[in-house]
Amino acid sequence: MAAVPCRCIEAVFAEHAHGKDFMDAADLAKFLAAKQGEQGATMDYSASLISHFYETSQIQPSLGYDCLNINEFCLFLSTPNLNSLMEITAKPTHDMTAPLSHYLIYSSHNSYLTGNQLTSSSGTAVIEKALKAGCRVIELDCWEREGEIMVLHGHTLTKPVRFDECLRKIKENAFLTSDYPVIITLENHLPVDLQQEATRMIRDILEEFLFVPSPNESPPRFFASPEQLKHKILVSDTPPKEPLAEQLVTNPKGMLDTFPYLVPYPPGLEEEDSPPLSPKSKAIGTVKSILRRIEVAADTLFNHRDTSIQENEETQRAGELQELIYIFSRKVVEIDNDSAPGLPLSGDNSIMANLSEPQLRKLAREDATSLIKYTYNNLGRMYPFGLRLNSSNPNPYLAWAHGFQLAALNIQAQDHILPKLLLKVRILAGVECPRSCNLYTKVAIDGYPPDKAKKRTDIVPHASENDDAEPPNWELQLFKFVIRGKYRLPPTIFFALYDTEKQGRPPCVSR
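In structure tokens form, the structure reads like this:
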């Protein structure tokens, strides 16, 4: 049976044939380079592919052995040994010369934690994993413990890791995945003498990778571009977050607004936009369980804080450390309201606004337009609310949709916002499928039980015997599957074609 091209292939053919009824070697070379991403796709290479196609398919060409008409082009695309997955290019496909504020930046929150926000350990392995995954922003919370600079989640029971060990791990892995800058955000709770020691460590360990801004760039009028900052590690400060207990007292409305987002989805429910659950979905037992966990956690935090070293609420800043900071962060209450229209702040400097999840949601409701305009020149960072004790994540789209470039995520989590792998499947067409049937395709994932899922396409009605119909087409439908693959269980994907023309259970035509 001759292949009948689907609409998307017709469009590609028309684009590269330039009005002709065929594609020659030159046209095919341009197609392979522009659409398929194949490097070194010369005319000679394309001519050899066309020749090989006719040899292996044993098709008599309609025009000649040096070109392809649209049906032959369709068959060419469905020949496995002549096609490969699009190669990942070594060079970026976007312009990277605009200011840093023009880009979304893959960011992590409390990057050193190996588990939950309350009792887990801190370590450098998670930092290495984040950088190798492409993360560009690493957050380190610095505290004094027994005269040493340690990284931990303050006012909790988390176990610390040494600050210098974190710096070394960042240096070793910063540019293995990407040449573009890494940003270290420091939440500074150190006394002045240890801030000076931290400055020495940063300079000595990061060496030539450290970006030290000139006095007139600290902070800058406009941020430099990723291209200008290649192979550089930038330092940003981060306003200290309030302890969870104080967040609950000072922002009870934020807790109530965020609570629906903390309730886990029922098994099998898949939502992309992470909306709050409907009242019907909020099982009483689940809500009580979460409230109990919050109560226990809050009690633990209060008790721990009562017996811990009392931290100074206003930490003095050492001048030596301030000289290293390129991106200055501010809390909402510290940002001049005049900056809302998007103009540079007082002194014509660009900074970074640091907002918690409920703070951003509140401002987005009040004036989303001004929020977006603010990020034209400035950076915006959203971090998870303190109630996410299990290191779950807010929907990053809340930040991105309002211009915030940094959606700081708990990268150690594997929840519905940060899946281990998101598999996207689009079935373009059923080439050589019988058209005497009412057809649909079923796609299923099997393996790790929480990953199991099934999707199906719409039904394409059968065509009459005299109808020269195109193959069933489902190119407008996109299916998404979250693949966690725990316990080393490799997932399996199944495709099956069904016919609803028959009575009873639809028979499987092909799988």
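Just so we're aligned, residue 1 is where the sequence shown starts under the UniProt record's numbering, counting upward by one.
Heads up, the beta-carbon is just placed ideally off N, CA and C, and yes, glycines get one too.
Assigned exposure category for residue i - 16 Cβ within 10 Å defines buried
i, result
"Leu389", "buried"
"Ile493", "exposed"
"Ser436", "exposed"
"Ser48", "exposed"
"Ser46", "buried"
"Gln412", "buried"
"His18", "exposed"
"Ala401", "exposed"
"Glu72", "buried"
"Arg511", "exposed"
"Phe495", "exposed"
"Asp141", "buried"
"Cys508", "exposed"
"Ser278", "Summary for Ser278: the model assigns pLDDT 45, below 50, so the residue's position carries little reliability, and this model does not support an answer."
"Arg426", "exposed"
"Thr307", "In this prediction, Thr307 scores a pLDDT of 40, lower than 50, which makes its location untrustworthy; the coordinate-derived value is nonetheless stated afterwards. So Thr307 ends up on the exposed side."
"Asp27", "buried"
"Pro471", "buried"
"Tyr65", "exposed"
"Leu190", "buried"
"Leu85", "Residue confidence is low: Leu85 scores 48 on pLDDT, short of 50, so the model does not pin down where it sits. No coordinate-derived value is stated."
"Pro461", "exposed"
"Ala14", "exposed"
"Leu422", "exposed"
"Glu197", "buried"
Beta-carbon spacing of residue i, residue j below 8 Å
i, j, result
"Ile184", "Ser236", "yes"
"Leu439", "Leu398", "no"
"Ala318", "Ile233", "no"
"Asn378", "Arg221", "no"
"Asn69", "Leu63", "yes"
"Asn116", "Ser370", "no"
"Ser111", "Lys159", "no"
"Leu32", "Ala41", "yes"
"His153", "Leu113", "yes"
"Ser108", "Glu139", "yes"
"Lys169", "Ile205", "no"
"Asn473", "Cys6", "yes"
"Ile351", "Pro219", "yes"
"Cys135", "Tyr106", "yes"
"Ile445", "Thr500", "no"
"Leu157", "Thr97", "no"
"Thr79", "Thr56", "yes"
"Lys35", "Val12", "yes"
"Leu194", "Glu144", "yes"
"Thr177", "Leu131", "yes"
"Leu100", "Pro215", "no"
"Leu360", "Met382", "yes"
"Glu357", "Pro394", "yes"
Host alpha helix (DSSP H) of residue i (start-end)
i, result
"Phe495", "Here Phe495 belongs to no alpha helix (DSSP H); instead the beta strand (DSSP E) covers 492 to 499."
"Leu324", "No alpha helix (DSSP H) contains Leu324, which DSSP labels as neither H nor E."
"Tyr54", "43 to 57"
"Arg7", "7 to 17"
"Phe31", "25 to 34"
Residue i, enclosing beta strand (DSSP E) - first and last residue
i, result
"residue 529", "In the structure displayed, the chain extends from 1 to 511; residue 529 sits before or after that span and is not available."
"Ala353", "352 to 356"
"Val482", "479 to 483"
"Leu379", "379 to 383"
"Ala453", "453 to 456"
> Which whole runs of the beta strand (DSSP E) in the segment 394 to 447 are 3 residues long or more, in chain order?
Replying inline: 421 to 425, 439 to 446
>> So within the segment 63 to 151, which uninterrupted beta strand (DSSP E) runs reach at least 3 residues, ignoring any that extend past its ends?
In response: 137 to 145, 148 to 151
> Between the segment 450 to 463 and the segment 395 to 410, do at least 3 Cβ pairs fall closer than 8 Å?
Replying inline: no
>> My parser needs the alpha helix (DSSP H) runs of 4 or more residues fully inside the segment 168 to 248; what are they?
In response: 192 to 206
>> Within 8 Å, do at least three Cβ pairs link the segment 137 to 150 to the segment 161 to 168?
In response: yes
> Do the segment 319 to 327 and the segment 182 to 200 touch if we need at least three Cβ pairs shorter than 8 Å?
Replying inline: yes
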